[in-house]
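Order-wise, the sequence lines are chains A and B.
Heads up, the first sequence is in my numbering, so the first residue is 155 and it goes up one at a time.
Heads up, the second sequence is in my numbering, so the first residue is 612 and it goes up one at a time.
Below is one structure; the comments refer to it alone.
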Amino acid sequence: MTGAAPVVDMTDISISFPGVKALDKVSFRMFPGEVHSLMGENGAGKSTLIKALTGVYGIDSGVITLAGEHVSFSGPAAAQAAGISTVYQEVNLLGNLTVAENIMLGREPRTWRGIDWKAMRARSTELLAGLHLDIDPNSLLNEHSLAVQQLVAIARAVDVQAKVLILDEPTSSLDADEVAELFRVIRSLKADGVAILFVSHFLDQVYGISDRLTVLRNGALVGEYLTEEILRIDLVQKMIGKELTALDDLEKRTHTASTSGSVDNDEVVFVRASQLGRAGSVEPLSLPIGEGEVVGLAGLLGSGRTEIARLLGGIDRADAGELTISGKPVKLRTPRQALSHGIAYSSENRREEGVVADLTVRDNIVLALQADRGWFRPIPRKRQDELAESYIKALNIRPANPDALVRNLSGGNQQKVLLARWLAIAPRLLILDEPTRGIDIGAKAEIQKLVYSLAENGMSVVFISAELEEVLRLSNRVAVMRDRQLVADIENDALTVESLLALIADGSDSASANSSVEAVLVEAGPAQSAPSQSAPSQNAPAPTAPSQNTSGGTP
Amino acid sequence: MNATIGKLAANRLFWPVVMLLALFAINLVAFPGFFAITIKDGHLFGSLIDILRNGAPMLIIAIGMTLVIATRGIDLSVGAICAIAGAVACSILLGSSDPSNPATVAVAIAVAVGISLLLGVWNGFLVAVLGIQPIIATLILMTAGRGVAMLITEGQILTVNSPPFKAIGSGFWVGVPIAVVIAAVVFAVAALITRRTALGLMIESVGINPEASRQAGVRARGLLFAVYTFCAFCAAIAGIILTANQTAADANNTGLFIELDAILAVVIGGTSLMGGRYSLTGTLVGALVIQTLVTTVYTVGIPPIATMVFKAAVVTVVCLLQSPATTAAFASWRRTAALRTAGKEMAA
């Protein structure tokens, strides 16, 4: 595997979109017979790089060579013809056609009379057999599980004599057995000399299957590493990075009178999740949220940090456990019910689930309040104007025009409009999912200050962010999620970015070590600093032993 | 000057109004007395009055359709509901001993409207509860509805002789055709209910972004029930006007294809089939454009065989003018025009 010439060599690739530098002189290479993982948080540039390679985006500068030859693809079809096949996260197949039709679509074997169905079935059977997949090529694709559909997509990709196979988050909707099946196929392709690009948010899987890693952050290359030579904690640190912020004047939150006691006292706990979970989304976990407390949720993308927040906000329904609000058990079936209990969830997906783009700033701000009052009791226009004006001023929304359509605002200002909507209903618990993602530093600082002052005034806040400094700065307590589980719930008095990173990254060691750390961290009282700081040294030696990876599986 | 035109052109009512004025102009050339309104026997008469009266049923349906479309839906069943409402009203009148009694007419109308409301609830149930795509959900009633109307009329054309009923279709109130008065009332009520309460905001919000609206606590289900029921209500009123005008219920032909005209009126009025922002005033203008077009065919003397082609041509022009590509072209033209004006002023 070493010494061979790279089959793909991308050098100094840059791509700009209006106002954004999506990729800045990124280099990336792939070797035959090797699995290469592309790592990075949201917005790091992973998909942009993949799209540059497959010809979906043209590149502004840089050179791409395939098997030593300089290439420039006009589109995915051209890339595929040259031997670069992609299997996307969402299965891009046609459920209402048969397996064989899906595999051969667009390159059906033909005779002078039309499609040669017999040859098509034979070829499909052969390809499926190559992947040890025992299914009837004449069955409808819909009849099979997502995992099998994923494998059919791979069979389709392999049929084009792929030299390079790109798997973009192929495991995000698979369970452990299915992942093992997929990995078996990946290993056999690897043995055939295919270069495989693997993207996954699950660190265990990355360490289980890949030989090489490339880390991107904010559109820039952080580095290329051999998997066996980089510790998980270092990897996570490289992915998340550190950002100097303009917020040094904001002191770290200290415990206020109302939260200094034990949070297990029901009098100060506002919302308590007890073994709350949802199958396939987040494992049952317990989390108390005190009044006036800021609970930070840390973890990588896909760790369950958003999923648990959605359960608390009534966006998704929990199918396990119990939620109590002010000591009374409640079932949240809709966001509306959560809102009626004073719980507001501000989605990380601002454009799809947050703002209503074609409505004005004013309408967006009053929407939740109006929905709460019902359509028959409109908020008087004068009151609407007052609300809009006061929030535009308080949050410094630009342009300061209540009649502007929200679609024309910048991301940061859209976020502020969304915040204003939730603040207008004066929630008792505000769940902020990545409120500062993708917005400029000034707006970021304003939002952080806002969270700080809201909690001072007694509002409970759940704060989710990929930026650990931000989480640490604002939170009284930090709950750490990994692989859909709560792995730590710690008072934020002596936490550092490093100790948090250790908690997020850890997970390679055996299950017992894992759970013992968890037990210590979850059960111990306020004096948690010792175990959390010792965590990195405890776990440092473990990360690279592949045989211990839970999802690795053996052929 | 240029800037004023630019501002006007940016308004989404600009092209529909231009179209309407153009049609008026054509009519005026072909028939100089087009704008003349005379009073005969205390009633208003004239081409414009005819346009309003004949366009009233379609306008009423288009008002309901506007709200349905604003929620990203569509209601294809309105024509069938027209037929059912007319059939129910006529069969009640025929079955009564005194069809000329206003009380009997009131009962007939009330029952017809009541049944139509149930049909609207059915549509709402299919869309809001079962989650069937609106075009399919309402297609069910579109095809089945005429069959139901046929069963009610037992396959006959039911001709009624009831002066109070007939008045709804062709009578006058203080000189104005009653159909026009009804349309005006429906328009005013719809505008007041949606714009004076928060209903309009909720409808638009659900139409633009259903998931964001759900997370903000908007109850989409109730809203969908409301708009489909209201649309069926509008269809029932229109069906009664149409039936009263002909003094006969015809299960096959009452309100035939009226759903297409109504949808067209909504679209010409600037409400997108993608849902979201809607304009009842736009729908009013759209309905007038379509009805004026029909009148134009007669005043200009276009042979009947060419009528459909003529109508299609005009509709095509309107759609082209409103297409995103044209809008973008006009936007850039406006920008350059503004620059040129600015340049001239600088030079001066």
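We treat Cβ as the ideally placed atom computed from N, Cα and C, and that holds for glycine.
C-beta neighbour in chain A for residue i, strict 8 Å
i        : result
B:Leu803 : no
B:Ala823 : yes
B:Ser943 : no
B:Ala948 : no
B:Ala827 : yes
B:Arg623 : no
B:Leu812 : yes
Rounded C-alpha distance that separates residue i from residue j
i        : j        : result
A:Ser619 : A:Arg636 : 14 Å
A:Ala548 : A:Glu600 : 10 Å
A:Glu188 : A:Ala349 : 5 Å
B:Leu895 : A:Leu454 : 54 Å
A:Arg516 : A:Leu439 : 38 Å
B:Asn864 : A:Ala580 : 56 Å
A:Gly508 : A:Pro483 : 28 Å
A:Asn292 : A:Ala254 : 6 Å
B:Ile674 : B:Val877 : 8 Å
B:Leu663 : B:Pro914 : 23 Å
B:Ala760 : B:Phe736 : 21 Å
B:Thr677 : B:Gly881 : 10 Å
A:Ala558 : A:Arg582 : 29 Å
B:Phe656 : B:Ala790 : 14 Å
B:Ala859 : B:Ala778 : 13 Å
A:Asp331 : A:Arg386 : 24 Å
A:Leu351 : A:Ser168 : 20 Å
B:Val738 : A:Arg527 : 25 Å
A:Asn611 : A:Glu378 : 47 Å
A:Ile213 : A:Ala206 : 6 Å
B:Leu835 : A:Trp529 : 13 Å
CB contact below 8 Å: residue i versus chain B
i        : result
A:Val510 : yes
A:Pro532 : yes
A:Asp166 : no
A:Leu493 : yes
A:Ala574 : no
A:Tyr242 : no
A:Pro581 : no
A:Gln524 : yes
A:Asp539 : no
A:Arg432 : no
A:Arg490 : yes
A:Asp517 : yes
7 Å Cβ cut-off: residues of chain A touching residue i
i        : result
B:Ile819 : Val510, Ala511, Asp512 and Leu513
B:Ser816 : Val510, Leu513 and Leu521
B:Thr808 : Trp529, Phe530 and Pro532
Per-residue contacts from residue i into chain B (C-beta, under 7 Å)
i        : result
A:Gln602 : Neighbours of A:Gln602 on chain B: none; closest Cβ ~23 Å, over 7 Å.
A:Glu507 : Glu822, Ala823 and Gln826
A:Ile469 : Gln826
Per-residue contacts from residue i into chain B (C-beta, under 9 Å)
i        : result
A:Gln569 : Neighbours of A:Gln569 on chain B: none; closest Cβ ~13 Å, over 9 Å.
Interface residues of chain A facing residue i [CB-CB closer than 8 Å]
i        : result
B:Gly887 : Asp512
Cross-chain neighbours of residue i in chain B, by beta carbon under 8 Å
i        : result
A:Tyr499 : Gln826
Chain A contact residues for residue i, given Cβ-Cβ distances below 9 Å
i        : result
B:Arg832 : Ordered by position in chain A, no residue passes the 9 Å Cβ test against B:Arg832, which lies about 10 Å from the chain.
* To do: Could you name each continuous alpha helix (DSSP H) segment of 4 residues or more that falls completely within the region 235-316 of chain A, going from the start of the chain to the end?
  => 253-258, 271-284 and 300-313
* What residue ranges within the region 480-549 of chain A form continuous beta strand (DSSP E) runs of no fewer than 3 residues, ordered along the chain? -> 482-484 and 497-500
* Asked: If we count Cβ pairs, one from each stretch, closer than 8 Å, do we get three or more for the region 492-508 of chain A versus the region 567-586 of chain A?
  -> yes
* To do: Would you mind listing the alpha helix (DSSP H) stretches within the region 661-747 of chain B that are 4+ residues and don't spill past its ends, in chain order?
  => 689-706 and 713-735
* Can you list, in chain order, the stretches of the alpha helix (DSSP H) that have 4 or more residues and sit fully within the region 322-374 of chain A? -> 330-345 and 357-363
* To do: Could you tell me whether the region 311-329 of chain A touches the region 226-244 of chain A, using the rule of 3 or more Cβ pairs below 8 Å?
  => yes
* Are the region 674-685 of chain B and the region 813-823 of chain B in contact at 8 Å, needing three or more beta carbon pairs? -> yes
* Taking only runs that begin and end inside the region 576-657 of chain A, name each unbroken alpha helix (DSSP H) of 4 or more residues, in chain order. => 595-610 and 622-628
* To do: Decide if the region 719-729 of chain B is in contact with the region 692-710 of chain B; the criterion is three or more beta carbon pairs, one per stretch, under 8 Å apart.
  => yes
* Can you find at least 3 beta carbon pairs, one from the region 484-491 of chain A and one from the region 782-797 of chain B, that sit closer than 8 Å? -> no
* Asked: Which runs of the beta strand (DSSP E) fall wholly inside the region 852-923 of chain B and span at least 3 residues, in chain order?
  -> none
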